[in-house]
Every structure is written in structure tokens, then in C-alpha cells.
Amino acid sequence: MPDAVMSFPPPLSLLLISLALILAYTIPTMPSKSHPPIHPPILPPIPYLIFGIIEPISLIAGTIYPHLLPADFITSQIPSNPTATITPSALSLAYQVSNLYALLALLGLAVLHSTTEPRVVRNYLLALAVADLGHVWAVGRGMGLQRFVDVAGWNALTWGNVGVTMALFGGRVVVLLGGWGGCSVEKGKKE
Numbered sequence: 001m002p003d004a005v006m007s008f009p010p011p012l013s014l015l016l017i018s019l020a021l022i023l024a025y026t027i028p029t030m031p032s033k034s035h036p037p038i039h040p041p042i043l044p045p046i047p048y049l050i051f052g053i054i055e056p057i058s059l060i061a062g063t064i065y066p067h068l069l070p071a072d073f074i075t076s077q078i079p080s081n082p083t084a085t086i087t088p089s090a091l092s093l094a095y096q097v098s099n100l101y102a103l104l105a106l107l108g109l110a111v112l113h114s115t116t117e118p119r120v121v122r123n124y125l126l127a128l129a130v131a132d133l134g135h136v137w138a139v140g141r142g143m144g145l146q147r148f149v150d151v152a153g154w155n156a157l158t159w160g161n162v163g164v165t166m167a168l169f170g171g172r173v174v175v176l177l178g179g180w181g182g183c184s185v186e187k188g189k190k191e
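One point on numbering: in the UniProt record's numbering, the residue at position 108 of the sequence shown is 108, and numbering is uninterrupted.
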């Protein structure tokens, strides 16, 4: 790789600050009997745990991996990928994907931990469900049909990109259809 590309350090400090903000922002708003949240979450406990806590933390993991190991991240996109060449363009795309994961984590926290409007949460979950399908399509398109349907040949990154994404998609659909308690409206309030 050209020296100019390698000499520019990934903003690890920004990632660590983001993680600290997520933890500082999430932990105080986690509901419990002794410490109710400032704004009660619109989502019931199970989807709140999944979408309001676990998903943002997993997105930060998705942010850190391309920054710390960009070559591994790039070559692991397709299982059994013989390509070992990392171009500056591919490196730039890995960092951009990393930044988008950080953005999604912060948006999730902003929406799920600050709004009192069930409609906002539903629209957020709907937008993510559509994006989940687009993400899986993009992974499948890049892998090719033969590799995509060969689930036994998937690596950890493919399981994250497809398996976890489809599990989150399923959870979003369940909530959007009213399962797990759906998105609740406070008693006495009209939406």
C-alpha cells in the first residue's frame, strides 16, 4: 500500500469517545425498578434491550473492526476470497463503512433514548428494516449467489452481515406488527 495511505492513522480516539458516549448515554436510561429512565422507553423491555442497547454496541464493534484491521475487514467480505490486494479505494471504503456504523449507532441512541413519540420509533424501525434488506442484498450481490447460499461456507463477517442483520430485521418486523408489545403510547396521551 502507498505510504500516504498507511501514514494516516485511523481515528481510534474518536471511536473510543463514541463508545464512552454510548455507554454514558445508554446505561443511565436503562429502565429498572429503582431507577426509572428519565423518558420511559417507548419500546417494551425485550426490543428496547435489542435495539436500544445491544444493537448500538454491536454497531460500535462494526465500527472498530475496519479501523483496527482494515485489510482483514476488506479480505473477509467474501468467504474464501483469494484476493489479497488492498487498494487505497478499498481502504477508503472500509473506513467509510466504519463511519456509517458509528453513525447508525449514534442515530439509534438519539432516537430510541430521546423521543417520546411512538410514531418516530416505528418510522425508525421501518427505515432500518428496509435498510436491512438492502444490506443483505448488497452482501449477496458482492458474494455471488453460489457463495451466498452456501451457508456452511460463511465466515464470521458474513454471519454478521447476513445472519445478524436478518435476525434484527425479524425483530423489527415483530415489533412493527405489534409483537413484544409493539411501540407503546403513554396512558392518557394520543399519538
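We put the beta carbon where it would ideally sit given N, CA and C, even for glycine. All values reported here derive from a predicted model rather than from experimental measurement.
Three-pair Cβ contact test at 8 angstroms for the region 82–89 versus the region 59–68: no
Separation of Asn-161 from Val-139, as counted between CA atoms: Position 139 of the sequence shown holds residue 139. Position 161 of the sequence shown holds residue 161. If I take the Cα positions, the gap works out to 7 angstroms.
Alpha-carbon spacing of Arg-147 relative to Thr-116, whole angstroms: By one-based count along the sequence shown, residue 147 stands at place 147. By one-based count along the sequence shown, residue 116 stands at place 116. Each residue's alpha carbon lies about 43 angstroms from the other.
For Pro-47 and Val-175, believed in contact at Cβ under 8 angstroms, the rounded distance: Residue numbering aside, residue 175 sits at position 175 when the sequence shown is read from its first letter. Residue numbering aside, residue 47 sits at position 47 when the sequence shown is read from its first letter. Going by Cβ atoms, the distance from Val-175 to Pro-47 rounds to 5 angstroms, so yes, they are a contact pair.
Could you tell me which of His-135, Arg-141, Ala-129, Val-164 sits nearest to Arg-172, measuring between CA atoms? In the sequence shown, the residue the question calls residue 172 occupies position 172. Closest by alpha carbon: Ala-129.
According to DSSP, simplified to helix, strand and coil, what is Ala-84? Looking up residue 84 in the sequence shown gives position 84. Coil at Ala-84, not helix or strand.
Reducing DSSP to helix, strand and coil, say where Asp-72 ends up. As a first step, residue 72 is located in the sequence shown; it is residue number 72 there, counting from the start. Helix at Asp-72.
Can you give me the C-alpha to C-alpha distance between Val-136 and Gly-144, rounded to a whole angstrom? For the purposes of this step, residue 136 is taken as residue 136 along the sequence shown, with counting starting at 1. For the purposes of this step, residue 144 is taken as residue 144 along the sequence shown, with counting starting at 1. When rounded, the distance between both Cα atoms is 12 angstroms.
Quick one: what does DSSP say Thr-115 is sitting in, helix, strand or coil? Locating residue 115 in the sequence shown gives position 115, where the first residue counts as 1. Coil, per DSSP.
Starting from the C-beta of Ser-114, find all residues in its chain whose C-beta is less than 6 angstroms away, skip the five residues before and the five after it, and write them out in chain order. Sequence index remark: in the sequence shown, residue 114 carries index 114 (1-based). Counting only Cβ-Cβ distances below 6 angstroms, and skipping sequence neighbours, we find nothing.
According to the neighbour-count rule (16 or more other Cβ atoms, all chains shown, within 10 Å of its Cβ), is Ala-152 buried or exposed? Numbered from its first residue, the sequence shown carries residue 152 at position 152. Burial call: exposed.
How many angstroms separate the CA atom of Leu-49 from the CA atom of Leu-109? As a working note, residue 49 is residue 49 in the sequence shown. As a working note, residue 109 is residue 109 in the sequence shown. Going from the Cα of Leu-49 to the Cα of Leu-109 covers about 12 angstroms.
Assign Gly-188 to buried or exposed, taking buried as 16 or more other Cβ atoms, counted over all protein chains shown, within 10 Å of its Cβ. Taking the sequence shown and counting its residues from 1, one reaches residue 188 at position 188. Its pLDDT being 42, under 50, Gly-188 is placed unreliably by the model, and the measurement read from it follows with that caveat. With fewer than 16 Cβ atoms within 10 Å of its Cβ, Gly-188 is classed as exposed.
With C-beta atoms as the reference, is Asp-169 less than 8 angstroms away from Asp-132? By 1-based counting over the sequence shown, the position of residue 169 is 169. By 1-based counting over the sequence shown, the position of residue 132 is 132. First, the residue type needs correcting, since residue 169 is Phe and not Asp in the sequence shown. Taking 8 angstroms as the Cβ cut-off, Phe-169 and Asp-132 qualify as a contacting pair.
Look at the alpha carbon of Leu-93 and the alpha carbon of Gly-134, and state the distance between them as a whole number of angstroms. Position 93 of the sequence shown, counting from 1, holds the residue named residue 93. Position 134 of the sequence shown, counting from 1, holds the residue named residue 134. Computed Cα separation, rounded: 17 angstroms.
Roughly how many angstroms lie between the CA atoms of Pro-182 and Leu-126, to the nearest whole one? For the purposes of this step, residue 182 is identified with residue 182 of the sequence shown, where counting begins at 1. For the purposes of this step, residue 126 is identified with residue 126 of the sequence shown, where counting begins at 1. Before going on, a small fix: residue 182 reads as Gly here, not Pro. If you take the alpha carbons of Gly-182 and Leu-126, they lie about 12 angstroms apart.
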